[in-house]
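For reference, each letter of the sequence shown is one residue, going 5 to 531 in our numbering. Notes for the one structure printed next.
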Amino acid sequence: MRSKVHPIYQLIRDAREAWDTKLAKQSRSLQEAVETYRKRYSRPPPKGFDRWWKYVLNNNVTLPDEYDQIDRDLLPFRSLSPTDLNRRLDRISKLPGTYTLRVEHGSLATSKLFDEEDIDGAKERVEGQVRLILPIAEYLEDFTAVYWVHDTPSGLISYNHRKELLNYLDEEEYFDENEEIDLTLRGWKAMCPANSPMGVELGSTSAPYDPSNGTRSTYTFIADHYRSMDLCDHPEIVPLHGSLLEKDPAASELSPLFVLSKTTLHSDILGVPVEQLVRGMRDVPWEEKYEDRLLWKGSNTGTYYWKGTSWRDTQRTRLLKLTNDAQGEVEMLSPPKGMNGRPISQGMKKVPLGEANAFYHNLAFTGQPIQCDVTDGTCEELAAEYRFSGLITHDAALHYKYVVDVDGNAWSARFQRLLSAGSLIFKTTIFPEWWTDRMQPWVHYVPIQVDYSDLYDAIAFFRGDTSGEGGEPALAREIANAGREWANTNWKQVDMTSYVFRLYLEWARLLAPKRADMDFVYEQGME
Numbered sequence: 005m006r007s008k009v010h011p012i013y014q015l016i017r018d019a020r021e022a023w024d025t026k027l028a029k030q031s032r033s034l035q036e037a038v039e040t041y042r043k044r045y046s047r048p049p050p051k052g053f054d055r056w057w058k059y060v061l062n063n064n065v066t067l068p069d070e071y072d073q074i075d076r077d078l079l080p081f082r083s084l085s086p087t088d089l090n091r092r093l094d095r096i097s098k099l100p101g102t103y104t105l106r107v108e109h110g111s112l113a114t115s116k117l118f119d120e121e122d123i124d125g126a127k128e129r130v131e132g133q134v135r136l137i138l139p140i141a142e143y144l145e146d147f148t149a150v151y152w153v154h155d156t157p158s159g160l161i162s163y164n165h166r167k168e169l170l171n172y173l174d175e176e177e178y179f180d181e182n183e184e185i186d187l188t189l190r191g192w193k194a195m196c197p198a199n200s201p202m203g204v205e206l207g208s209t210s211a212p213y214d215p216s217n218g219t220r221s222t223y224t225f226i227a228d229h230y231r232s233m234d235l236c237d238h239p240e241i242v243p244l245h246g247s248l249l250e251k252d253p254a255a256s257e258l259s260p261l262f263v264l265s266k267t268t269l270h271s272d273i274l275g276v277p278v279e280q281l282v283r284g285m286r287d288v289p290w291e292e293k294y295e296d297r298l299l300w301k302g303s304n305t306g307t308y309y310w311k312g313t314s315w316r317d318t319q320r321t322r323l324l325k326l327t328n329d330a331q332g333e334v335e336m337l338s339p340p341k342g343m344n345g346r347p348i349s350q351g352m353k354k355v356p357l358g359e360a361n362a363f364y365h366n367l368a369f370t371g372q373p374i375q376c377d378v379t380d381g382t383c384e385e386l387a388a389e390y391r392f393s394g395l396i397t398h399d400a401a402l403h404y405k406y407v408v409d410v411d412g413n414a415w416s417a418r419f420q421r422l423l424s425a426g427s428l429i430f431k432t433t434i435f436p437e438w439w440t441d442r443m444q445p446w447v448h449y450v451p452i453q454v455d456y457s458d459l460y461d462a463i464a465f466f467r468g469d470t471s472g473e474g475g476e477p478a479l480a481r482e483i484a485n486a487g488r489e490w491a492n493t494n495w496k497q498v499d500m501t502s503y504v505f506r507l508y509l510e511w512a513r514l515l516a517p518k519r520a521d522m523d524f525v526y527e528q529g530m531e
């Protein structure tokens, strides 16, 4: 650590350069969009691509080339024949807990296999997907999409089977549906290459981050948020998240199920969730935000709390314990203006944890413990061990400069609302979303590792030390304002509809009996 420059400076510079480059390279015409598509995916775009492009232009949708998540999701399905894919689709359409969206000749029909009274928010979830499609239904090709009504992912295929499917694709052949699949494989390791960190190291991962546990030799911040979510490369995440912890998932057949959240390992097709979106939020300028502590208030979701699981290691309980603990010390990097020309290795300082938490953080569960076992005493333990407080008012929350966003049972539906409030958002997640390729960490928000080992250094970079000296609040304001601007201009209804428009055109091509007939062919004069 001989560098004398705080690493976050470099991360911000690199991110701004990458963002400017991405914006500058976006297609400006249908012909350019077709050429870019061919270069990225080595195939022509789907039929209806010109109608999608017209929608993009008419609604000022930015970043028209950034839909790589769709390609990642659909790639394995391209190795299935249309007959095989439709057979699988028909089978899952009969599963309890699903709903089906069907577009035929421009008309949308829906059906469901769940009781709305049994699943909180299920009715609104279906209605949200309908609202995304209705403005474009007449421009879509015929398709059927089956959605999982729950907020969690569902499908997992083994790495060996995924590799097999992609090999068929490389050979331009369809997977033989009579070929046997090894469905005895279990565990996260089975979903990753044998030589990946997950394949090699799972089972010997380190304990959750403890700031009082010795001296740190490295300081690591996230540069690429999507890659940091790759579970095959980061097995250390598994024991730290309620969606992964102590799970023993079984490999399954590839199923064409649409979901609203998924990890990098899940084989589901990612849709666009619309819940908790807020429009027309009151604008509180940065200068009028008087609270400098990092805020989080919410319920203790993230797992089911009972004696049979290590619930204290899940994402929300770890965050609450860490940021409310008063015992021990935390070793921190000096804030950028407090390094005084010293190398980073000499800019480390141990701070009493109670002092750091009192100065930097205001995090608490709200209400009473939920999702916990009353009979075995777990609810009582939660109430005794963690800080619970009343709800924070919307107006009070708007006056916090710094807010952290963390996963619950699945993805966090708060992110759009938090960005729109103009606070600097510290985002920690294992779930890529439809917007992940369309935002830039360190330009629009601050990415935080799942173990929170970078949290204190990140907040101190902007706020300074526990005396409030040496920080970069001006950079915090710039990122917060950029995040709010992004949310206001890139997280509109038309942006979400643009995503599903392109997704369903791709999906319709895969379902068609003759996929080649569903390719888009550009001709001069189409502009």
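Yeah, the Cβ is synthetic: ideal placement off N, Cα and C, and Gly gets one too. This one's a predicted model, so the numbers in the text were calculated from it and none came from an experiment.
Asked: Within the same chain, show all residues whose beta-carbon is closer than 6 Å to that of cysteine 236, passing over the 5 residues directly before and after it, in chain order.; Found: Cys196, Ser200 and Met202
Asked: Return the CA-CA distance between glutamate 142 and lysine 58, expressed in angstroms with no decimal places.; Found: 14 Å
Asked: Could you check the C-alpha separation between serine 208 and valine 242 for me, to the nearest Å?; Found: Its pLDDT being 45, under 50, serine 208 is placed unreliably in this model, and the value from its coordinates should be taken loosely. Going from the Cα of serine 208 to the Cα of valine 242 covers about 11 Å.
Asked: Which residues share a DSSP beta bridge with phenylalanine 147?; Found: Val107
Asked: Tryptophan 192 to glycine 487, Cα distance in whole Å?; Found: 34 Å
Asked: What does DSSP give as the partner residues of valine 410 in its beta bridges?; Found: Thr432
Asked: State the start and end residues of the unbroken beta strand (DSSP E) segment that holds arginine 488.; Found: It is not in any beta strand (DSSP E) - arginine 488 instead sits in the alpha helix (DSSP H) that spans 477-494.
Asked: Could you tell me the boundaries of the alpha helix (DSSP H) in which phenylalanine 419 lies?; Found: 419-424
Asked: For glutamine 133, count neighbouring Cβ atoms within 10 angstroms of its own Cβ and tell me buried if that reaches 16, exposed if not.; Found: buried
Asked: Just curious, the beta strand (DSSP E) that leucine 558 is in, first and last residue?; Found: With the chain covering only 5 through 531, there is no way to say anything about residue 558.
Asked: Could you tell me which of Asn328, Leu105, Pro11 and His238 sits nearest to threonine 268, measuring between CA atoms?; Found: His238
Asked: Applying the 10 Å Cβ sphere with the 16-neighbour rule, what's the burial state of asparagine 64?; Found: exposed
Asked: Roughly how many whole angstroms lie between the Cα atoms of tryptophan 438 and phenylalanine 419?; Found: 13 Å
Asked: Measure the alpha-carbon distance for valine 498 versus alanine 520 and round it to whole angstroms.; Found: 29 Å
Asked: When the distance is taken between beta carbons, is phenylalanine 435 closer than 8 Å to aspartate 409?; Found: no
Asked: Count the other CB atoms, across all protein chains shown, that sit within 10 Å of the CB of asparagine 62; report buried if there are 16 or more and exposed otherwise.; Found: exposed
Asked: If I measure Cβ to Cβ from threonine 104 and keep anything under 6 Å in the same chain, skipping five residues before and after, which residues do I get?; Found: Ser97, Ser115 and Val150
Asked: Which first and last residues belong to the alpha helix (DSSP H) in which arginine 467 is found?; Found: 459-467
Asked: Mapping the DSSP letters down to three states, classify arginine 391 as helix, strand or coil.; Found: coil
Asked: Taking DSSP's pairing of strands, which residues face arginine 190 in a bridge?; Found: Ala254
Asked: Which of the three DSSP states, helix, strand or coil, is assigned to threonine 209?; Found: Low confidence applies to threonine 209: its pLDDT is 46, below 50, so where it sits in the model is not reliable enough to give any reading.
Asked: Cutting at 7 Å between CB atoms, please list the residues of its own chain near aspartate 54, excluding the five before and the five after it.; Found: Leu34, Phe524 and Met530
Asked: Do you know whose CA, among Leu357, Leu515, Lys325 and Lys496, lies nearest valine 282's CA?; Found: Lys496
Asked: Would you check if the distance between the CB atom of proline 86 and the CB atom of proline 451 is smaller than 8 Å?; Found: no
Asked: What residue does the alpha helix (DSSP H) around valine 60 start on, and which one ends it?; Found: 53-62
Asked: Identify, in the order they occur along the chain, each residue of the same chain with its Cβ nearer than 6 Å to the Cβ of alanine 480, setting aside the five sequence neighbours on each side.; Found: Leu428 and Phe466
Asked: Measure the CB-CB distance between serine 31 and proline 68 and report whether it falls below 8 Å.; Found: yes
Asked: Between Thr66, Arg82, Thr321 and Phe262, which has its C-alpha nearest threonine 148's C-alpha?; Found: Phe262
Asked: List the residues that DSSP assigns as beta-bridge partners of tyrosine 449.; Found: Pro445
Asked: CA-CA distance, lysine 43 and proline 50?; Found: 14 Å
Asked: Which partner residues of asparagine 366 appear in the DSSP bridge assignment?; Found: Leu299
Asked: When we look at the beta-carbon of isoleucine 374 and count the other beta-carbons within 10 Å, is it buried (16 or more) or exposed?; Found: exposed
Asked: Can the beta-carbon of proline 157 be found less than 8 Å from the beta-carbon of lysine 251?; Found: no
Asked: Leaving out the 5 sequence neighbours to the left and right, which residues in its chain are closer than 8 Å to leucine 160 when beta-carbon positions are compared?; Found: Met195, Pro253, Ala254, Ala255, Ser256, Leu269, His270 and Ser271
Asked: Within 10 angstroms of its Cβ, does histidine 448 collect 16 or more other Cβ (buried), or is it exposed?; Found: buried
Asked: Could you give the C-beta distance for phenylalanine 392 and threonine 470, rounded to a whole number, given that I count them as a contact under 8 Å?; Found: Actually they do not touch by this definition, with Cβ atoms about 26 Å apart.
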